[in-house]
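Each residue of the sequence shown is one higher than the one before, starting from 88 at the first, in this note's numbering.
Have a look at the structure below before the remarks.
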Amino acid sequence: MANGYAGKILVVDLSSGEISSLDTADYAEYGGGHGMGSAVFFDLCEDKTISAFDPANVITFMSGPIQGTLAPFGAGRCEVQAIGPQPWPVEWFTRSNFGGRFSGMLKFAGWDGIAVTGKAEKPVWIDIRDSDVTVRDASETGDALWGLGTYDAESRIYELVRGGEESDWTTYGASRDSGRLAQNPAVVSCGQAGENLVRYAALIHEGGGGAGQGGFGAVFGSKNLKAISVIGTGQVAIADPQALMEARAWWHENYFDWDDYKPSLPGLHSYGEGGGGGNQSGGALRNVGQRPIGCMGCTKLCHGGRSATAEMPGSSCFDTWYQAQSGVMWGNPAASPSNTDLLQQYGINAWEPSMQLPWLVGLYKQGILGPGKEIDSNLPFDQVGSDAFNAAFLDCIVNGTDIGADLKEGAARAATKWGRYEQDVTSGDLAIAMHGYAHHYDARTEFEWGAGSALGDRDINEHDITWVLYWHTSMAPLYGQPQALPAKEMVEMIGATLLPYADPMMLDFSDEGIYSDNFVKFVSWHRAYTRFWKQSAMYCDWGITDWLNPWADGYKGLTPEIEPRFYNAVTGSDTSFEQGVEMGTKIWNLDRAIWYLQGRKPEHDLLAEWQFRRQTPAAHSTYEIPYIMPVYENGEWAYKNLWGRTLDHAKYDDFLKRYYAFEGWDANGCPTAETLKKHGLDKAADELAAAGIV
């Protein structure tokens, strides 16, 4: 297939040992990544009501056409989906995404994706070498991978695939052209957290890249699957190589001045990632000894850790905050990066324990938690922030000892067991926002984040609006700098890209604006845009959307041209930006149908009560900066600090009703048969009808 696709999706049934494949052409209408993963899951998982740990759960790893090519900010992305053990109170069909080399190597091996179902009788790992796929013994009597941390398992697999410690080459044939490769395989694995079914266990790839949210490491553990390794000697056949190179040259010319790189923007001179070029430039930490590590084909190099040492290899963003908070929040600047290393070795999603700690420390200080207390624990909370405390804390979670027996289930389930959920979540002391996930960006101020997350399955973790209309605008006054653009010019520039609507009023974050029909339209657009362009075409969330470029006239970024330009060069299609958004709407409706087959109700679309009551920051947000965003008030646009705002129950409920109607869903929020069939989702409509839901 000379359109960016390899042509096959690998299917591995661990229960039977059967290895088969699906024809990519049957799923290519979804574009790739998330869309294909949802469709494959829908077909292969017959009973959507099963638990995450049921052997019949299907976990998918999907690439797309631009993975493994020269397309920037996407060549290394991989989408992971399955019923996840982390969401609460329902284990939703959910997703995550990671970068690195895995998707590209998968394409080089001749596969567009992998679907794994069943459960092996004993620990195994999947060894993919081009078209040769083997399920190998990972137990102590086999390759001895079970029980290893993610770093160690990955290193061991390198040796096994290379042919031993003495081998310098991975050899498939007698010559280079017949299949000889100097690279290590791309490996994704679970650590001991996944093996022990910690509900927020992550899958780790090459040190710090990983699928964090959702609990997919525990899905691996439930299937007795330690790792997947892939190495390929092929290539990605693209439709129009000349168009791809011309797009690359266009991007190189318009992205930023490569010879005079300055990761800054008026109003954002000193801030870190995303420091310039909208989401794109990143790398603002290049000058502090950061090692040049990034995803395949990417220039951001944001996986380089935070030092030139061997500590925190491949980690970035919140992985490194887990260590940093020991100094910032708990006043122990001597805490070492080994805290993050241990987190990654165990394969734990950094967000959950980082958000558990403020709540637990609060309970400790109130005399509720501690030796012989109401919540009995012998953890050394008097040493919180130290390396010793961190080791004890993570160890108890992974091994289910002390309070870790409850915490491994996640904070929401632990609080429920301790009889504290309603009290602590209502007060905000336990800052769970929705679906059992900890508060991230603030739904009370950045409403598209909160509403999008509540209407879905997890914290959306999509940073497009956040980078431009929160970080840029909020940091400027803190550094005594002017805003990059006046509010009116900013929203008009971005609003023009919100195709097919092109309506700047969709960006009104005022007290009334967030409940308006314009904002209904914006949340719908955002769900559709990200479902296709970010999660199916799979452009990196830290690279795209490019709405603000300090090196361009008027700061205008490359969206909405960059997304379809590279996609079309690779696929040979003529997909417009708007058509991508429409495809995202189709995928969003398919996901919503799956959730209703799982038992979705309108109450699952609600946000936690503290967001309607608490004006002060939730416990872990004490150090957040003001939330300055654009508002349309008194007939004009302005920037306004929205920090301290709470949500209104009646207005939020009315917002949901109007949102349901806008999407073509029924009064309970379920896509109607008419809507599903309009998007070509007849099978989903039929299954919902058979279940008596529509």
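Note that the Cβ used here is the ideal one computed from N, Cα and C, for glycine as well.
Along the length of the segment 118 to 174, whole alpha helix (DSSP H) runs at least 4 residues long occupy 120 to 131, reported in chain order. Distances from the alpha-carbon of residue 612 to those of 475, 594, 485 put 594 closest. Per the coordinates, the alpha-carbon of residue 586 lies some 6 Å from the alpha-carbon of residue 665. Per DSSP, the continuous alpha helix (DSSP H) segment holding residue 681 begins and ends at 664 to 684.
When secondary structure is reduced to three states using DSSP, residue 578 falls in the helix class. With a beta-carbon spacing of about 51 Å, residue 326 and residue 486 fall beyond the 8 Å limit used to define contacts. Of the candidates 693, 458, 679, the residue whose Cα lies closest to the Cα of residue 537 is 693.
Counted as a single uninterrupted DSSP element, the stretch harbouring residue 723 is not any alpha helix (DSSP H) but the beta strand (DSSP E) occupying residues 723 to 728.
The beta carbon of residue 652 sits closer than 6 Å to those of 334, all from its chain and outside the five residues before and after it, given in chain order.
DSSP places residue 216 within a strand segment (E or B) once states are collapsed to three. Residue 426 sits buried, since 16 or more C-beta atoms from the chains shown fall within 10 Å of its C-beta. Taking one beta carbon from each stretch, the segment 162 to 169 and the segment 631 to 642 have fewer than 3 pairs nearer than 8 Å; the two do not touch. Taking residue 448 as the centre and dropping the five residues before and after it, the same chain places the C-beta of 468, 471 closer than 7 Å to its C-beta, in chain order.
By the CB criterion at 9 Å, residue 331 and residue 657 fall inside the cutoff. Under DSSP, residue 296 takes part in a beta bridge, and its partners are 292. In this structure residue 700 is exposed. Its beta-carbon is surrounded by fewer than 16 other beta-carbon atoms within 10 angstroms. Residue environment for residue 750: buried (at least 16 other C-beta atoms within 10 angstroms of its C-beta).
With a cutoff of 9 Å on beta-carbon distance, residue 274 and residue 231 are scored as not near each other.
For the beta strand (DSSP E) assignment, the segment 725 to 774 encloses no uninterrupted run of at least 3 residues.
Going by beta carbons, residue 643 and residue 716 fall outside the 9 Å limit. For residue 720, no alpha helix (DSSP H) run applies; the uninterrupted beta strand (DSSP E) run containing it begins and ends at 715 to 720, by DSSP. Counting along the chain, the unbroken alpha helix (DSSP H) around residue 499 starts and ends at 498 to 504. In this chain, the alpha helix (DSSP H) harbouring residue 649 covers 649 to 658. Taking a C-beta distance under 9 Å as the contact criterion, residue 124 and residue 624 do not qualify as a contact pair. Residue 144 is a Cβ neighbour of residue 306, given a cutoff of 9 Å. Per the C-alpha coordinates, the member of 129, 277, 117, 104 positioned closest to residue 668 is 117. Runs of the beta strand (DSSP E) spanning 3 or more residues and lying entirely within the segment 176 to 206 occur at 180 to 185, 200 to 204, in chain order. Looking at 457, 602, 415, the one whose alpha-carbon comes closest to that of residue 441 is 415. Exclusion of the five residues before and after residue 180 leaves 170, 681 as the residues of its chain whose Cβ lies within less than 6 Å of its Cβ.
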